[in-house]
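A.B. asks: Numbering (this note's numbering), first residue to last: 187 to 626. By construction, the Cβ of each residue, glycine as well, lies at the ideal position given by its N, Cα and C atoms. Can you keep this structure in mind? I'll have questions shortly.
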Ligand SMILES: Cc1ncc(COP(=O)(O)O)c(C=O)c1O
């Protein structure tokens with residue numbers, strides 16, 4: 187949000203997700219950003235004195251809804267009704283309305299949500315699907331799981347969101363059946379720019395909004411303008427459950443119906459199986475948690491936004507850091523606040539932050555086409571993915587969660603600046619800024 191857009195400067199409303207940090211992805215079961223098992227996300231005791239700052243503090247959110255969750259769990263336990271039921275139905279209606287969509291179908295996780303959206307659109311073996319190179323691996327996995335071919339496309343170097351020009355390049359080298367636009371770090375992809383491109387090409391547009399519950403683009407919520415959107419309720423997400431969960435969001439009744447069918451063994455009526463489906467339903471208890479949390483989501487997202495503004499203000503003068511930028515027209519929900527540093531310093535900075543009790547993490551260190559899983563099974567858009575590779579090499583994520591205090595942020599920033607200073611001194615550039623690595 188540093189350079190191009192600040193809340194209010196173009197009349198758009200800036201509001202307010204989890205990543206990765208652990209939270210953004212399922213890589214960390216604790217919900218901590220760095221995968222630490224202690225749930226603090228710091229991965230270390232604080233050797234320098236002062237309280238550690240976790241990457242993510244899920245306890246704060248739980249305390250806000252604990253009474254509601256206790257009541258709902260007691261009711262569900264009393265009924266012994268653990269799958270389906272009114273909690274799921276209520277959540278689907280409320281979440282669909284929240285997004286401004288006709289339908290939201292609760293499913294077991296965000297990966298299944300993409301798989302089932304693809305299947306419902308008829309995407310399968312032989313279909314080529316564009317996926318940004320800088321996303322959590324689940325986006326690409328879903329394409330591979332339906333038998334499709336992943337075509338990686340680049341991101342915009344400023345906003346780190348999918349680059350429509352790279353999508354156009356991918357289209358020139360072969361037909362795409364679908365494009366999956368990822369709302370990376372909490373802001374909607376440039377859907378308005380992608381729609382004409384994708385429509386002219388005769389492809390489907392899917393929005394992976396796992397990291398962006400509550401985000402809007404020109405006032406429109408996730409799912410708006412696209413064929414179908416998907417999201418994840420992994421605990422660290424902006425709207426996180428107490429286990430796995432996900433949803434498919436669409437205005438199409440036929441698509442919603444088809445996803446519901448696939449998610450429930452291809453069956454509407456017990457033991458009548460119309461298509462080959464699977465078991466991917468949203469769990470009743472998770473739905474109860476999500477019902478309790480949904481009412482808080484906007485407020486929590488606003489707190490994330492305020493925290494992002496504070497980081498911007500504290501860090502904007504640093505020549506050795508590149509700050510995140512909110513795309514014009516977007517209301518960013520700051521699932522992740524990432525900064526970019528010189529690649530040769532990145533891991534050392536993250537290590538120093540973690541050693542000193544600051545829960546820093548990396549989202550994501552390896553571009554999709556550079557992973558062992560996908561290196562030999564993707565096509566790459568003409569022009570390659572230099573921006574995504576640069577981002578993978580240089581990005582690091584700072585603690586971000588609703589309720590993070592000014593003092594905590596000051597500690598994060600102080601520790602980060604100290605680490606940068608130490609590295610500069612070690613490299614003998616303290617008195618010659620021209621020799622300091624500039625951000626990639
Ligand atoms: C961009 C993105 N897509 C998909 C997923 C997959 O969601 P889940 O972990 O619920 O399967 C995640 C996160 O985990 C994600 O960050």
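1. Taking Cβ positions, are residue 363 and residue 309 nearer each other than 7 Å?
2. Put residue 267 into one of helix, strand or coil per three-state DSSP.
3. Output the distance between the C-alpha atoms of residue 449 and residue 467, rounded to the nearest integer angstrom.
4. Only counting the same chain, and skipping five residues up and downstream in sequence, which positions put a Cβ closer than 7 Å to that of residue 459?
5. What beta strand (DSSP E) runs, 3 residues minimum, are completely inside the segment 359 to 404?
6. Between which two residues does the beta strand (DSSP E) harbouring residue 434 extend?
7. Comparing alpha-carbon positions, which option in 409, 338, 388 and 525 lies nearest residue 376?
8. What is the rounded straight-line gap between the Cα of residue 610 and the Cα of residue 422?
9. What does residue 407 pair with, by DSSP beta-bridge criteria?
10. Counting only C-beta atoms, is residue 556 closer than 7 Å to chain C at any point?
11. Considering only their Cβ atoms, is the gap separating residue 391 from residue 380 smaller than 7 Å?
12. To the nearest angstrom, report how far apart residue 265 and residue 256 are at their CA atoms.
13. State buried or exposed for residue 289, treating a residue as buried only when at least 16 other CB atoms are found within 10 Å of its CB.
14. Rounded to whole angstroms, what is the Cα-Cα separation between residue 594 and residue 584?
15. Mind listing, in chain order, the continuous alpha helix (DSSP H) runs of no fewer than 4 residues lying wholly within the segment 525 to 587?
16. Does ligand 1 have even one heavy atom less than 6 Å from the beta-carbon of residue 436?
17. Any heavy atom of ligand 1 closer than 6 Å to the CB of residue 397?
18. What is the rounded straight-line gap between the Cα of residue 317 and the Cα of residue 496?
19. Between which two residues does the beta strand (DSSP E) containing residue 316 stretch?
20. Taking 6 Å as the cut-off, is the C-beta of residue 324 nearer than that to any heavy atom in ligand 1?
21. Out of curiosity, what's the CA-to-CA distance linking residue 613 and residue 405?
22. Ignore the nearest five residues each way along the sequence and tell me which others in residue 598's own chain have a CB closer than 7 Å to its CB.
23. By a C-beta neighbour count over all protein chains shown, 10 Å radius and 16 as the cutoff for buried, is residue 558 buried or exposed?
24. Determine which residues share a DSSP beta bridge with residue 285 and list them.
25. Among residues of its own chain, excluding the 5 on either side of residue 523, which ones have a beta-carbon nearer than 7 Å to its beta-carbon?
26. Residue 464 by DSSP, collapsed to three states: which one?
27. What's the call for residue 268, buried or exposed, on a 16-neighbour Cβ count within 10 Å?
28. Based on the DSSP secondary-structure assignment, which residues constitute the bridge partners of residue 248?
29. Below 8 Å, can you find three or more Cβ-Cβ pairs linking the segment 475 to 488 to the segment 237 to 254?
C.D. replies: Answer, in terms of the structure:
1. yes
2. coil
3. 6 Å
4. 451, 452 and 453
5. 364 to 368 and 390 to 394
6. 432 to 436
7. 409
8. 34 Å
9. 402
10. The structure shown contains no chain C; it is built from a single protein chain.
11. yes
12. 14 Å
13. buried
14. 11 Å
15. 529 to 541 and 572 to 580
16. no
17. yes
18. 32 Å
19. 314 to 318
20. yes
21. 47 Å
22. 239, 544, 584 and 585
23. exposed
24. DSSP output for residue 285 lists no bridge partner at all.
25. 494, 497, 510, 583, 584 and 586
26. coil
27. exposed
28. None; residue 248 has no bridge partner.
29. yes
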